[in-house]
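One structure below.
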Amino acid sequence: MPIGLIENKFAILSPEIMAEMVRKRKNKQLVKIEASVQKLESSQELILLQQQVILDQQRTMLELYNRSQEKEQLSQDGSKYSCCWPYAQKAALAAIGGVAGAAAKGMFNYSIEYYNK
5 MPIGLIENKF
15 AILSPEIMAE
25 MVRKRKNKQL
35 VKIEASVQKL
45 ESSQELILLQ
55 QQVILDQQRT
65 MLELYNRSQE
75 KEQLSQDGSK
85 YSCCWPYAQK
95 AALAAIGGVA
105 GAAAKGMFNY
115 SIEYYNK
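Here's what the structure looks like:
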């Protein structure tokens, strides 16, 4: 094969073939870009879901804390909750501090059971 033909190999191709090659290359790039966009969108959705879970947990912990505050006020009035307030307070404060809400609920339930004995 003469060197001149190797250097000019694209000159032999028809404009239709060149256009097809360019279109295929662009399609491959578009597919890669679309995949990247989908990964970003799914990552953003995951982050939003995680934030929603965190907000729900914080809301639950705040409700527990508010309930424990109500119980403290009742205990200061000499009601039946006076013996379980320390347990409820510890559970609510631990929940706000990041300890699992289930542990806080269990601690409060334990204090209620202790009172009922």
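Offset between the sequence shown (1-based) and the working numbering: plus 4.
Note that beta-carbon positions come from the ideal geometry of N, C-alpha and C, so glycine has one too.
All values derive from a computational prediction rather than experimental measurement.
Buried/exposed call for residue i, threshold 16 Cβ in 10 Å
i   : result
S72 : buried
K36 : exposed
L68 : buried
K43 : exposed
K28 : exposed
K32 : exposed
7 Å CB neighbourhood of residue i in its chain, flanking five on each side removed
i   : result
I58 : none
The ligand ATP heavy atom lying under 8 Å from the CB of residue i
i   : result
Q33 : Within the structure as shown, the ligand ATP is missing, as the structure has no ligands at all.
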